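Enquirer:
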Amino acid sequence: MPLTLSVLMSNFNHSRYLPEALRAVLEQSFQPLEIIIIDDASKDDSARIIREFAARNPLIRFIQNPRNQGTTVNGNRLLEMARGDYIYGPACDDRIAPGLFERAMASAARHPQAGIVFGKYQAMDPNGKIIEGGELGVRLWQQEIFADPQTFLKECLDVELATHSLACAAVFKREALLEVGGFRPELGSWSDTFAMRAIALKHGACYIPQVLMHWRLLPGSLAHSARRDPRHLLDIGARAAWLMRSPEFKERFPEGHVARWERDYRAMVIRDYRDSLGLFPRPRRKRIRAAISRWGRAGERLGKLFDDFLAGWYRFKFRGMERELSAYGGDISCYSGARHREE
771 MPLTLSVLMS NFNHSRYLPE ALRAVLEQSF QPLEIIIIDD ASKDDSARII
821 REFAARNPLI RFIQNPRNQG TTVNGNRLLE MARGDYIYGP ACDDRIAPGL
871 FERAMASAAR HPQAGIVFGK YQAMDPNGKI IEGGELGVRL WQQEIFADPQ
921 TFLKECLDVE LATHSLACAA VFKREALLEV GGFRPELGSW SDTFAMRAIA
971 LKHGACYIPQ VLMHWRLLPG SLAHSARRDP RHLLDIGARA AWLMRSPEFK
1021 ERFPEGHVAR WERDYRAMVI RDYRDSLGLF PRPRRKRIRA AISRWGRAGE
1071 RLGKLFDDFL AGWYRFKFRG MERELSAYGG DISCYSGARH REE
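If you want it as structure tokens, here you go:
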């Protein structure tokens, strides 16, 4: 029998982007079995827009929460309701690319053992303008591939940055997602990334080296809000590492990988937070450094002085903050037998 796909969407106050997101789903060449949308007690015009789309398309099932529940709670509720063999959860402020469903489901049919099918994403600004340099994929994979668990570990997880995630461009096998416990609320914005990794490290993954969706960068998004609170991100990292080492998942995540990931993740969180507060945030610093480098040898010397100045200024300005965050081990008290720990 043909494979089926459920599209699961959770919306909160995205009336501005909803029509574009829904049209991109409905215009796919591969039609899903169902489109289930939860509106999470939006205060804008979202409910009216969804009802109008649902009235014109019988695939859409609309549910409205009386009070806000949060993205991961809604994600697990949608997962329980889904009937498709595979599920995809596009954000209501993003835009999927034409042909995403057709390519993903064809890859799933060729490799039924795979727990996920994923590809690249392209970042765009709030107005939908493509951000230069905002494309993300797996650097080592230039051709479509089925990666068994060992290949996924060695050529993707061990090569890419600790914070690397293509979960927004991933189609999940429903049974495999249920097997890992769905979306873990305690992991917040990293819940889908953890599920994706845990699934691929048991069942393998299909990768399509094409842009499958456009991710809209919004200041108020879940991921961006988390970055303003480094302790929250360190909590997420500690909880993810605890889960990787737990009896449930330790056979999937080798200890050497977990130790490296935890170290690199913590370092990136602290560095990114420091840079966000710095005299020259990273994008501006890159532009200044590029401009200086055009001045030949004088530019090289001036660039080194610029780097040394920033390094010294950061050490003076943020040494206390970095010591404090480096000592913070993360709150893992949400797990039975675990406790808040300071390192």
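The sequence shown begins at 771 in our numbering and counts up by one. Glycine included, C-beta positions come from ideal geometry on N, C-alpha and C. These numbers come from a predicted model, not from an experiment.
CA-CA distance, ALA824 and ASN897?
Expert: On the sequence shown, position 54 is the one that residue 824 refers to. On the sequence shown, position 127 is the one that residue 897 refers to. The C-alpha of ASN897 is placed about 25 angstroms away from the C-alpha of ALA824.
Enquirer: Per the DSSP calculation, LYS890 is bridged to which residue(s)?
Expert: Residue numbering aside, residue 890 sits at position 120 when the sequence shown is read from its first letter. Partner(s): VAL981.
Enquirer: Checking 7 angstroms against the spacing of the C-beta atoms, do GLY903 and LYS890 come in under that value?
Expert: If you number the sequence shown from 1, residue 903 lands on position 133. If you number the sequence shown from 1, residue 890 lands on position 120. Against a cut-off of 7 angstroms, the Cβ pair of LYS890 and GLY903 comes out as no contact.
Enquirer: Distance check for GLU822 and ARG954, CA to CA, integer angstroms please.
Expert: On the sequence shown, residue 954 is found 184 positions in, with the first residue counted as 1. On the sequence shown, residue 822 is found 52 positions in, with the first residue counted as 1. ARG954 and GLU822: Cα-Cα distance of roughly 32 angstroms.
Enquirer: The beta strand (DSSP E) with LEU906 in it runs from where to where?
Expert: Position 136 of the sequence shown, counted from the start, is the residue given in the question as residue 906. Here the beta strand (DSSP E) through LEU906 covers 900-906.
Enquirer: If we ignore side chains and look at the alpha-carbon of each, how far apart do LEU957 and TYR1035 end up?
Expert: One-based indexing of the sequence shown puts residue 957 at position 187. One-based indexing of the sequence shown puts residue 1035 at position 265. Between LEU957 and TYR1035, the C-alpha separation is close to 14 angstroms.
Enquirer: Run through DSSP, which three-state label would MET779 get?
Expert: What you label residue 779 is simply residue 9 of the sequence shown in a count that begins at 1. Strand at MET779.
Enquirer: Who are the Cβ neighbours of GLN798 in its own chain at under 8 angstroms, not counting the five residues just before and after it?
Expert: The residue labelled residue 798 in the question sits at position 28 within the sequence shown. The residues are ILE866, PRO868, GLY869, LEU870, PHE871, GLU872.
Enquirer: What's the call for ALA879, buried or exposed, on a 16-neighbour Cβ count within 10 Å?
Expert: Numbered from 1 along the sequence shown, position 109 holds the residue referred to as residue 879. It counts as exposed.
Enquirer: Could you give the distance in angstroms between the alpha-carbon of LEU992 and the alpha-carbon of GLY1007?
Expert: Within the sequence shown, residue 992 is the residue found at index 222, counting from 1. Within the sequence shown, residue 1007 is the residue found at index 237, counting from 1. The pLDDT assigned to LEU992 is 49, lower than 50, so where the model puts this residue is not dependable; a value taken from the coordinates is nonetheless given after this. Their Cα atoms are separated by approximately 16 angstroms.
Enquirer: For SER816, which residues from the same chain have a beta carbon less than 7 angstroms from its beta carbon, with the 5 sequence-adjacent residues on both sides left out?
Expert: For the purposes of this step, residue 816 is taken as residue 46 along the sequence shown, with counting starting at 1. Take SER816, set aside five residues on each side of it, and the residues of its chain with a beta-carbon closer than 7 angstroms to its own are ASN781, ASN783, HIS784, SER785, LEU788, ASP809, in chain order.
Enquirer: Is the region 916-924 close to the region 853-860, with three or more CB pairs under 8 angstroms?
Expert: no
Enquirer: What's the gap between the Cα of HIS1110 and the Cα of MET966?
Expert: By one-based count along the sequence shown, residue 1110 stands at place 340. By one-based count along the sequence shown, residue 966 stands at place 196. Here the model assigns HIS1110 a pLDDT of 41, short of 50, so the residue's position is not dependable, and the following value carries that caveat. Approximately 26 angstroms between the Cα atoms of the pair.
Enquirer: From LYS899 to VAL887, what does the alpha carbon distance come to, in whole angstroms?
Expert: Here residue 899 refers to the residue found at position 129 of the sequence shown. Here residue 887 refers to the residue found at position 117 of the sequence shown. CA-CA distance, LYS899 to VAL887, rounds to 26 angstroms.
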